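Numbering (the working numbering), first residue to last: 45 to 370.
Backbone N, C-alpha and C define an ideal beta-carbon position, used for all residues, glycine too.
Everything numeric in this text was worked out from a predicted model, so none of it was measured.
Rendered as structure tokens:
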């Protein structure tokens, strides 16, 4: 009896931890939903100049936190491969996306880049003690279909072209890096979340070097500079750390599917603020992504019941159809 009570208590605590971590991951997605709107206001600045400001703001936030807590030793003692993995997953994935957009239309690059939630599901399912169910991959694929519907018009105008191959390859490379890093982060759960700020610090140095090498400095206005700093503190600082905790301890499969809703919600925000027009493709994409989240969040028993009802309805329709005359 006593041992059974302990097991139930441990299960309850585990469920609460998973739920709390999933909500934290959702918080990251909400912040990333607002990020395109903020970025649209600093479009006049060179790309790597903006990224240097964003990454440095994230690093500064973490540095202040570590200094206040006197906890620098928790990040400095991490092995080199942890630093390399974080720098690759967070910074190089951004670089791949940015450079991909130089060689191919942004809609194409965006669609390929948003393979990463599906890759998170695939990579995470390969880890020890991970559960993998059909509804997870179905939900993620429905979300990806929603993204395709969203950018279909622009893709139809430009067409997938072999001349854009380098851009496609870079976008896919960025998606693989971020998807792989998310699975890596889940596997190495004991790595402190503050390492995100350290990765961003290294990324800021890289971006500064690339900016000085390939770009001309443009003095940002007070508004542009402020928005870049806010984006760094929220999108690249707090959001990255919330996502890190979410994929480590939360329902990473559900979070991966909700990512598509966040992407479409970001487009809806741009529509609300007059940055993009309202189209039927946005409405359909929202519907597909919402259905994907619903399916991904179902337990196995409910999913089987839903499939059973669908099969029954389909068989009933077939049985009521009149026979064709011979």
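Around the Cβ of residue i, are there at least 16 other Cβ atoms within 10 angstroms (buried) or fewer (exposed)?
i           : result
residue 305 : buried
residue 50  : The predicted model places residue 50 with a pLDDT of 43, which falls under 50 and marks its position as unreliable; any figure quoted below should be read in that light. Exposed, because fewer than 16 other Cβ atoms sit within 10 Å of the Cβ of residue 50.
residue 273 : buried
residue 263 : exposed
residue 59  : exposed
residue 327 : exposed
residue 281 : buried
residue 167 : buried
residue 53  : Residue confidence is low: residue 53 scores 47 on pLDDT, short of 50, so the model does not pin down where it sits. Its coordinate-derived value is still stated next. Exposed, by the Cβ-count rule.
residue 315 : exposed
residue 61  : exposed
residue 63  : exposed
residue 66  : buried
residue 179 : buried
residue 123 : exposed
residue 88  : exposed
residue 148 : buried
residue 256 : exposed
Provide the residue span of the alpha helix (DSSP H) that contains residue i, from first to last.
i           : result
residue 291 : 283-293
residue 124 : 124-130
residue 325 : 324-340
residue 162 : 160-169
residue 93  : 91-113
residue 141 : 137-147
residue 119 : 117-120
Relative to the alpha-carbon of residue i, which residue among the options has its alpha-carbon at the smallest distance?
i           : options               : result
residue 137 : 123, 214, 98 and 234  : 214
residue 254 : 211, 289 and 92       : 92
residue 224 : 77, 301 and 164       : 164
residue 385 : 211, 252 and 315      : One cannot answer for residue 385 here, as it falls past the ends of the chain, which runs 45 to 370.
residue 296 : 108, 83, 171 and 191  : 171
residue 71  : 284, 103 and 121      : 284
residue 174 : 318, 293, 261 and 135 : 293
residue 301 : 161, 243, 291 and 145 : 161
residue 85  : 317, 123 and 340      : 317
residue 159 : 181, 134, 277 and 146 : 181
residue 290 : 107, 125 and 233      : 233
My guess is that residue i and residue j are in contact by the Cβ rule of under 8 Å, so how many angstroms apart are they, rounded?
i           : j           : result
residue 336 : residue 186 : 3 Å
residue 288 : residue 229 : 6 Å
residue 238 : residue 111 : About 11 Å; that fails the 8 Å criterion.
residue 218 : residue 140 : 3 Å
residue 313 : residue 78  : 7 Å
residue 340 : residue 190 : That belief does not hold up - the Cβ atoms of residue 340 and residue 190 are roughly 13 Å apart, past 8 Å.
residue 276 : residue 101 : 3 Å
>> Extract the residue ranges of the alpha helix (DSSP H) inside the region 217-299, only unbroken runs of 4 or more that lie entirely within it.
In response: 239-258, 266-277 and 283-293
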